[in-house]
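First residue of the sequence shown? That's 1 in full-length UniProt numbering, and the numbers climb one at a time after it.
Only one structure is covered here, and it is reproduced in the block below.
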Amino acid sequence: MSIQTATPYQLLALPKKDALVRGVCGKTTRGIEDTCIRDRPSHFAKKLRQDARKRAAMGGQLPSTRYGVTDDRPQTAEGTRLQLGSSAAKTNAVVVSTMMEAWKIVESGLVTDGIVKDILYGLPVAINKIADLSALWDEVSLCGAVVRLIVDHPKQVEALEAYEKSRTSPRKWSVFVKVDGGQKRAGVSTATPEFEALLTALFTSPAISIYGFYCHAGNAYASTSLSEASSFLSSEVEAVNVAAERAKSRISQSLKSETREPFVLSVGSTPTAHSASAETRAKLSSLLHGTLELHAGNYPVLDLQQLHTSLIDRQHIAQRVLATVISYYPGRGDDSSDEAMCDAGCIAMSKDTGPSGGFGEVIGKPWRLGRISQEHGILTRTSGDNEGTLEIGSMVQIVGQHACLIAAAYPWYYVVDSDMEGGSDKVVDIWVPWKGW
Ligand SMILES: Cc1ncc(COP(=O)(O)O)c(C=O)c1O
Numbered sequence: 001m002s003i004q005t006a007t008p009y010q011l012l013a014l015p016k017k018d019a020l021v022r023g024v025c026g027k028t029t030r031g032i033e034d035t036c037i038r039d040r041p042s043h044f045a046k047k048l049r050q051d052a053r054k055r056a057a058m059g060g061q062l063p064s065t066r067y068g069v070t071d072d073r074p075q076t077a078e079g080t081r082l083q084l085g086s087s088a089a090k091t092n093a094v095v096v097s098t099m100m101e102a103w104k105i106v107e108s109g110l111v112t113d114g115i116v117k118d119i120l121y122g123l124p125v126a127i128n129k130i131a132d133l134s135a136l137w138d139e140v141s142l143c144g145a146v147v148r149l150i151v152d153h154p155k156q157v158e159a160l161e162a163y164e165k166s167r168t169s170p171r172k173w174s175v176f177v178k179v180d181g182g183q184k185r186a187g188v189s190t191a192t193p194e195f196e197a198l199l200t201a202l203f204t205s206p207a208i209s210i211y212g213f214y215c216h217a218g219n220a221y222a223s224t225s226l227s228e229a230s231s232f233l234s235s236e237v238e239a240v241n242v243a244a245e246r247a248k249s250r251i252s253q254s255l256k257s258e259t260r261e262p263f264v265l266s267v268g269s270t271p272t273a274h275s276a277s278a279e280t281r282a283k284l285s286s287l288l289h290g291t292l293e294l295h296a297g298n299y300p301v302l303d304l305q306q307l308h309t310s311l312i313d314r315q316h317i318a319q320r321v322l323a324t325v326i327s328y329y330p331g332r333g334d335d336s337s338d339e340a341m342c343d344a345g346c347i348a349m350s351k352d353t354g355p356s357g358g359f360g361e362v363i364g365k366p367w368r369l370g371r372i373s374q375e376h377g378i379l380t381r382t383s384g385d386n387e388g389t390l391e392i393g394s395m396v397q398i399v400g401q402h403a404c405l406i407a408a409a410y411p412w413y414y415v416v417d418s419d420m421e422g423g424s425d426k427v428v429d430i431w432v433p434w435k436g437w
């Protein structure tokens, strides 16, 4: 068995929320340092309620949902509680992509409070993390919760078997099989012999129970309309559905008369989740070889990449970066337009760009973050006229291209709530995200 690692989550000293809250809550964001702002914390729950009403009115039902604690990047106890607590789409299931997130979910009481009951470790399982995952499973099962894994290679199955054999009472791990829907990101394509070999390994393993099939169309970010996003969703569903059909036919060929729960077909990315309407579901449901589950991560935060899909409104974007204008260069731009420098570079905004170009848009001003270096960025004009200069020393709020990586850069987030009167620049809370792996 490979050497096993452990997550020293108790040693991760996080910034002290209480002291931060005492220092800034109730104050205006104009007086705080360059930072990351999360707006309208309750917006997500509201949006889910609206979506649910809309779909109910169309005669549909929401598929069960699994939220990416990791990808929406609250990565915070507060964000997770809000996400899972919405009465409209109640779910206890999350997907994490680091062990640290999983352990911090436990440590922050979300499992003992019964808010999280199902943790999916969302990467194909690393064989040196099985002991760590096993300890996590032992811990959460005390509260009746479960840890699930993703597999996409028979070696992972072998390693799980070897681990369980070493225990006095071997268990069966609940796994999703990761299906590559053509993105070549993770998973195995149903069109390859490797898929059949993996199914054989899984069905013959005493250490595995197949829970379902999982596909993530990251390429759906290229959608620019509802119909395009819907077709990405259909292709995700098709990929997991073909996989489930093959698995079902294995079961029937084996002549075992065992009854089992339907496979869970887990699909989604934020654009495809937005397109998961009752109509789409209705189109798909008659063809399904399992129960549909929708997973989404970026969904509650959103950004310029999501704006470009045309499936959201600008007002739904709930994250921005506050930066200071530090210098100004009249006429320096290619078309003799002005440029300015701010203290938000790729450490603050990430290097993610998007189809709309650049690294971020300045809210309410005809400027964008056009170029970035490590610690600073160059603000360029979005319109030809040289109207509206930027004052040195003033602050700008920038919406970035991809919220996930941006949020990962900050030690805490200032929470404002522009749904409240005068709330758009008043700090109402501080969220401290979990860090590390
Ligand atoms: C495996 C997996 N599942 C789900 C998600 C969530 O996708 P999104 O943030 O587009 O909702 C991601 C995002 O990277 C992912 O990698």
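Every residue gets a Cβ at the ideal spot worked out from N, C-alpha and C, and that includes glycine.
Linking Val116 to Ser327 through their CA atoms gives a straight-line distance of about 47 Å.
In this structure, Glu161 sits away from Arg171, with a CB-CB distance that is not shorter than 8 Å. Close CB contacts of Arg260 within its chain, under the 8 Å cut and outside five residues either way in sequence, are with Ile251 (chain order).
With contacts defined by Cβ atoms closer than 8 Å, Met1 and Trp437 do not form a contacting pair. Counted as a single uninterrupted DSSP element, the alpha helix (DSSP H) harbouring Thr272 occupies residues 270 to 274. Collapsing the DSSP output to three states places Met349 in a helix. Annotation for Gly377 indicates a beta carbon at 7 Å or more from all heavy atoms of ligand 1. Pro271 sits buried, since 16 or more C-beta atoms from the chains shown fall within 10 Å of its C-beta.
Sorting Pro124, Ala77, Val147 by C-alpha distance to the C-alpha of Asp113 places Ala77 at the top.
Selection Lys129, Pro366, Ala186, Gly122 evaluated against Thr7 yields Lys129 as nearest (Cα-Cα).
Relative to the non-hydrogen atoms of ligand 1, the Cβ of Thr270 comes within a distance shorter than 7 Å of at least one.
About 6 Å separates the beta carbons of Trp431 and Gly79, which is inside the 8 Å limit, making them a contact pair. Taking 8 Å as the upper bound for CB-CB distance, Glu101 and Trp434 are in contact here, some 6 Å apart. Within the DSSP bridge table, the entry for Trp367 names Arg381 as partners. A direct Cα-to-Cα measurement between Cys346 and Asp352 gives close to 9 Å. Contact between Val140 and Val111 holds, with the beta-carbon distance rounding to 5 Å and staying under 8 Å. Excluding five sequence positions before and after Ile37, the CB atoms of its chain that fall closer than 8 Å to its own CB belong to Thr29, Gln319, Arg320, Val321, Leu322, Gln397, Tyr413, Tyr414, Val415, Val416, given in chain order.
In chain order, Pro366 place their CB closer than 7 Å to the CB of Ser383, counting only its own chain and leaving out the 5 sequence neighbours on each side. Annotation for Val116 indicates a beta carbon at 7 Å or more from all heavy atoms of ligand 1. The closest CA to that of Met395, considering only Val24, Ala159, Ser231, Thr35, is found on Thr35.
Pairing Asp338 with Pro330 gives a Cβ-Cβ distance under 8 Å. Annotation for Ala273 indicates a beta carbon within 7 Å of some heavy atom of ligand 1. Three or more beta-carbon pairs separated by less than 8 Å are not found between the stretch 192 to 204 and the stretch 221 to 236, which leaves the two stretches without contact. Taking C-alpha positions only, Arg22 is separated from Lys16 by approximately 10 Å.
One thing to note: Gly181 has its Cβ within 8 Å of the Cβ of Ala217. If you look at Phe232, you'll find it in the alpha helix (DSSP H) that goes 226 to 253. Distance check between Ser169 and each of Ala207, Pro41, Ala408, His295 places Ala207 closest, using alpha-carbon atoms only. In the three-state DSSP reduction, Trp137 falls in the helix class (H, G or I). Ranked by how close their Cα comes to the Cα of Ile392, the residues Leu379, Gln401, Ser209 have Leu379 in first place.
Sequence-distant partners of Met341 (beyond 5 residues in either direction) whose C-beta falls short of 8 Å from its own C-beta, in its chain, are Val325, Ile326, Ser327, Tyr328, Tyr329, His376, Gly377, Ile378, Leu379. Of Ala247, His316, Ile32, the smallest CA-CA separation from Val177 is found for Ala247. Remark: the C-beta of Tyr299 is in contact range of ligand 1, defined as less than 7 Å to any heavy atom. Exposure of Gly31 is indicated by the presence of fewer than 16 other C-beta atoms within 10 angstroms of its C-beta.
Around the beta carbon of Pro300, 16 or more other beta carbons lie within 10 angstroms, which makes this residue buried. Straight-line spacing of the CA atoms in Glu293 and Gln306 works out to 21 Å. For Tyr163, no beta strand (DSSP E) segment is defined; the enclosing uninterrupted segment is the alpha helix (DSSP H) at 154 to 165.
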